Each structure stands twice: as structure tokens, then as C-alpha cells.
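Heads up, the thing below is written out as C-alpha cells.
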Amino acid sequence: MLSSISFQMLSVAIGWHIYTLTQSAYALGLVGLAQFLPMFVLTLVAGHVADRYDRRRVVAVCQSLLALASAVFLAGTLGGWLNAPAIYALAACLGAARAFENPTVASLLPAVVPRAELPRATALSTSATQTALIIGPAAGGVLYGLGPQVVYLLGIACFGCAACLMGSLKLSSKPVARAPVTLESVFSGIAFIRREPAILGALSLDLFAVLFGGAVSLLPIYARDFLHTGPWGLGLLRSAPAIGALAGTLWFARFPMRKRPGMAMFLGVIVFGLATLVFGLSTWLPLSLLALATLGAADVISVVVRSSLVQLRTPDEMLGRVSAVNALFIGTSNQLGEFESGITAGWWGAQPAVLIGGACTIAVALLWMRLFPSLRTMRSLEAERK
Numbered sequence: 001m002l003s004s005i006s007f008q009m010l011s012v013a014i015g016w017h018i019y020t021l022t023q024s025a026y027a028l029g030l031v032g033l034a035q036f037l038p039m040f041v042l043t044l045v046a047g048h049v050a051d052r053y054d055r056r057r058v059v060a061v062c063q064s065l066l067a068l069a070s071a072v073f074l075a076g077t078l079g080g081w082l083n084a085p086a087i088y089a090l091a092a093c094l095g096a097a098r099a100f101e102n103p104t105v106a107s108l109l110p111a112v113v114p115r116a117e118l119p120r121a122t123a124l125s126t127s128a129t130q131t132a133l134i135i136g137p138a139a140g141g142v143l144y145g146l147g148p149q150v151v152y153l154l155g156i157a158c159f160g161c162a163a164c165l166m167g168s169l170k171l172s173s174k175p176v177a178r179a180p181v182t183l184e185s186v187f188s189g190i191a192f193i194r195r196e197p198a199i200l201g202a203l204s205l206d207l208f209a210v211l212f213g214g215a216v217s218l219l220p221i222y223a224r225d226f227l228h229t230g231p232w233g234l235g236l237l238r239s240a241p242a243i244g245a246l247a248g249t250l251w252f253a254r255f256p257m258r259k260r261p262g263m264a265m266f267l268g269v270i271v272f273g274l275a276t277l278v279f280g281l282s283t284w285l286p287l288s289l290l291a292l293a294t295l296g297a298a299d300v301i302s303v304v305v306r307s308s309l310v311q312l313r314t315p316d317e318m319l320g321r322v323s324a325v326n327a328l329f330i331g332t333s334n335q336l337g338e339f340e341s342g343i344t345a346g347w348w349g350a351q352p353a354v355l356i357g358g359a360c361t362i363a364v365a366l367l368w369m370r371l372f373p374s375l376r377t378m379r380s381l382e383a384e385r386k
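For the sequence shown, full-length UniProt numbering begins at 1 and goes up steadily by one.
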């Protein structure tokens, strides 16, 4: 959670920093693209690494690299040379580190909790992440008001501490197979998912829904030009989806999803799209925060269903590679969605971009209900295990 808090603080600082330098929606989109490209290229290889090496060490190395990137941000800010191209390059470094960190962290969970408790543990893990998403953006917005160097300095400390703590994690470890890297082994996670239509449907639904409906990269524009607020307001906007998501994850941790999880996922995506439309039309900060919180709560349903299916139906020796595909889908929807939103906003304006995205999200949910009947009719997560 410490690493997640620091990354969210860093994301707020980078977004506000680049928009202050460029006043450009395209620049915000390019930050998302810069993070996405290395994730797209490296994530499948990262899954192979997670299945072949000590997962704790892999995560610790990634967090050390994130601390190093924060140090470069700090040096560039203090030295006055941190311009837009430098930010894009550093964003690419962040994306590369996260490409290895995300699937490796996801594949650690079955080594920590019993298999029967994985759905509940997934919800609790998600709640920790959402707590970080609340604290991180809010803290990042407030601290950025003191100067971006404050955020970057804390990033060094938080990532460094997270790297040290990871080494002390106790796992029910298993022997690690050191097979060579081949194209077949790297892409075996994709082959596995193609044989599981419910997992494929859940992952692809979330990918396209967030790809079209994500408005996070445009929050600096909404904060400044529509809601007339500053960095603190941007921090609140970035935290609002996580507040709703935290409420949702705590609910599912207490009351695990047992009936019709697939249909619940479809309904959650539709609510996600409707909340995006409300946010796009709002010019009042409280209503915008409420819409974003609703959006976050609805998104939790997708997260819980998708993650539980992956954890429950994947053998441990394949979990790193399948988690890598899951992380690739998430990264594609988030980072490429930021790029899509930035480009669309540059063409037609921020508000039309958000409204079009919300409408497309609803359309995707309705289409996927027809394309993946096995997901729509799925009676329970446990019943789908093979």
C-alpha cells in the first residue's frame, strides 16, 4: 500500500506539472502513452519472470527503480531542467517498472492466503489499494501546493521503504522452475485465457469499458477550467473514485459475491458509464465528486469478478503469466485510455470527450452481454472453477 500511495502522489504531481508547463490536453495524453508503451512491450515477459524467480525480489527491485525515478524528478525540478520531454521519458521509466511490479504483486496473493479465502482476500487487497488511491491523490494535491519537489522527495522515501519491507514478507514458497524464456512460454498466459471464455469476457469488458470511459487524465482540465479549483481540488477529484471503490471493496470483503457475479459485472459497467456522463456534464464540485465516487464503486464489481476468476482458475505455475495478461489489460485500459481521452479532448474539447466515452462504455457492456453468454449466465465464482 505504501508503494501505491507514493505512485498516486507522483501521478498527481506529474499531471499538474505537465499541464502547468504546456497548457495542453495532448501533453496529458502523451504522459499516459509514455507509461503505456513499456507496459505493453514488457508485461508478458514480466509474467514469465514472476513465475521463474523469487517474486519478493522482483517487486523489491521494481520499487527501487521507482525510487530512483522519483530522485530524477526531484533533481530535474531543483535543477530547472525538468521539461516536457524529460517528463515523458521518466513516465516511460515508471511504466517499465510497473510492468514488472503489477503482475508479480498479483501473483503473490495465493502464497499468502488459503485458496478458499481468495475471493474475500481479493476484496481486502483491493480495499488496501483503494485506500492508497484515496490518500495518495489527496496528499499529492496538497503537497504539490508546497512545491513539486516535496512530492518527489516523499516518493523516494516511500518507494525505498516499500522495497525494504517486501524483503521481510513470509510466503508459503514453492520450488521455482528456471525454464528458459521462449515465445511459447511468454505467450502461454494468453493461450490459457483464450480457453477460458468467462475470464476472457471479464478482462476484455473491463479493458474497453475503462478505455472509453476513463476521464482521469482530463481531471486537471476539469479542475482548472470547469470547476475552477486548484491542486487541492484536483487531489479531491483523484481521490473520489477511490472513496467509492473503498466502500465497495469493504462491502464485498464482508459479503462476498456469491450469486450471478457475471450479470453484476455488466450492471456495474453500465452504472460506470452513467456516472461518467454525469461527471462530464457537471460544473459543480460536490456533484462531480459524487459522480466520481459512484464511478469508483461500480468499477469495484469488475475488479472483484475479474481478479477472483484469475486467482481461482489459474494454476500457481501459470499465475504470474496470467496475472501479466490481466495487468496488460488493466494497463491498456488505464494508460491508453488516458491517451485516447487526451487526443479526443484536443480534437473536440474535454466535455465532449468525457460524454462520448461514457456513452461508449454503456454500449460496450450491452454488446458484451451478447458476445459472452458464459459470463452473463455465470452463477457463482466457485462453480466456474475447473
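Glycine is no exception: its CB is placed at the ideal position from the N, C-alpha and C atoms. Everything numeric in this text was worked out from a predicted model, so none of it was measured.
Check your understanding: Do you know how far the Cα of alanine 121 is from the Cα of leucine 250?
Key -> 11 Å
Review point. What span of residues does the alpha helix (DSSP H) with phenylalanine 226 cover, start to end?
Key: Segment: none, phenylalanine 226 is in no alpha helix (DSSP H) and carries neither H nor E.
Check your understanding: Quick one: is valine 255 buried, meaning 16 or more other Cβ sit within 10 Å of its Cβ, or exposed?
Key -> One detail in the question is off: residue 255 reads as phenylalanine in this sequence, not valine. Result: exposed.
Check your understanding: Looking only at C-alpha atoms, which of Leu328, Pro373 and Ala99 sits nearest to phenylalanine 266?
Key -> Pro373
Exercise for review: Quick one: using the 10 Å Cβ neighbour count with 16 as the cut-off for buried, is histidine 17 buried or exposed?
Suggested key: buried
Check your understanding: Roughly how many angstroms separate the alpha carbons of serine 107 and alanine 50, rounded to a whole number?
Key -> 8 Å
Check your understanding: Ends of the alpha helix (DSSP H) at valine 216?
Key -> Segment: none, valine 216 is in no alpha helix (DSSP H) and carries neither H nor E.
**Study point:** Closest residue to serine 4 among Ser302, Ile270, Asn102 and Arg376 (Cα-Cα distance)
**Key:** Asn102
Practice item. Mind reading off the beta-carbon distance from glycine 15 to proline 220? Whole number of angstroms is fine, and I expect it under 8 Å. Key: 5 Å
Exercise for review: Tell me whether the beta-carbon of threonine 361 lies closer than 9 Å to the beta-carbon of glycine 248.
Suggested key: no
**Study point:** CA-to-CA distance, leucine 165 to cysteine 158, given in whole angstroms
**Key:** 11 Å
Review point. Looking at C-beta atoms only, is the number of pairs between the segment 68–80 and the segment 149–158 that lie closer than 8 Å three or more?
Key: yes
Review point. So what's tryptophan 284 in DSSP terms, helix, strand or just coil?
Key: coil
Practice item. With DSSP as the reference, label glycine 29 as helix, strand or coil. Key: helix
Exercise for review: Alpha carbon to alpha carbon, how far is serine 323 from proline 175? Give it in angstroms, no decimals.
Suggested key: Only weak support is given to the placement of proline 175: the predicted model assigns it a pLDDT of 42, under 50, and the value that follows is read from those uncertain coordinates. Looking at the two C-alpha atoms, the distance is approximately 19 Å.
Review point. Is it a yes or a no for the segment 347–362 touching the segment 27–34, going by three-plus beta-carbon pairs under 8 Å?
Key: no
Exercise for review: Mind the definition here: the segment 325–332 touches the segment 52–60 only if three or more C-beta pairs lie below 8 Å; say whether that holds.
Suggested key: no
**Study point:** Residue nearest to threonine 377 in terms of C-alpha spacing, selected from Ala139, Ala215, Val304 and Met263
**Key:** Met263
**Study point:** Test item: CB-CB of glycine 201 and leucine 375 under 9 Å
**Key:** yes
Review point. With DSSP run on the structure shown, which of helix, strand or coil describes methionine 166?
Key: helix
Review point. For proline 85, which three-state DSSP category applies?
Key: helix
Review point. Taking the alpha helix (DSSP H) that residue 395 falls in, what are its first and last residues?
Key: This structure cannot speak to residue 395, because the chain is shown only from 1 to 386.
Check your understanding: Quick one: is glutamine 311 buried, meaning 16 or more other Cβ sit within 10 Å of its Cβ, or exposed?
Key -> buried
Review point. For the alpha helix (DSSP H) that valine 58 lies in, which residues bound it at each end?
Key: 55–79
Review point. Any idea if proline 114 is buried or exposed, counting beta-carbon neighbours within 10 angstroms, 16 or more meaning buried?
Key: exposed
Practice item. Take alanine 91 and list the residues in its own chain whose beta-carbon comes closer than 7 Å to its own, dropping the five residues that flank it on each side. Key: Ile14, Val31, Ala34 and Gln35
Check your understanding: alanine 253 to threonine 126, Cα distance in whole Å?
Key -> 9 Å
Point to revise | Delimiting residues of the alpha helix (DSSP H) encompassing glutamine 8 | key: 2–22
Point to revise | serine 168 classed as buried or exposed, judged by whether at least 16 other C-beta atoms fall within 10 angstroms | key: exposed
Point to revise | Neighbourhood of alanine 383 by C-beta distance below 6 Å, restricted to the same chain and skipping five residues each side | key: Low per-residue confidence applies at alanine 383: pLDDT is 47, beneath 50, and the placement is therefore not dependable, though the value from the model is reported in the following sentence. Taken in chain order, the list of residues that qualify is empty.
**Study point:** Whole-angstrom C-beta distance between serine 282 and alanine 291, which should lie under 8 Å
**Key:** 6 Å
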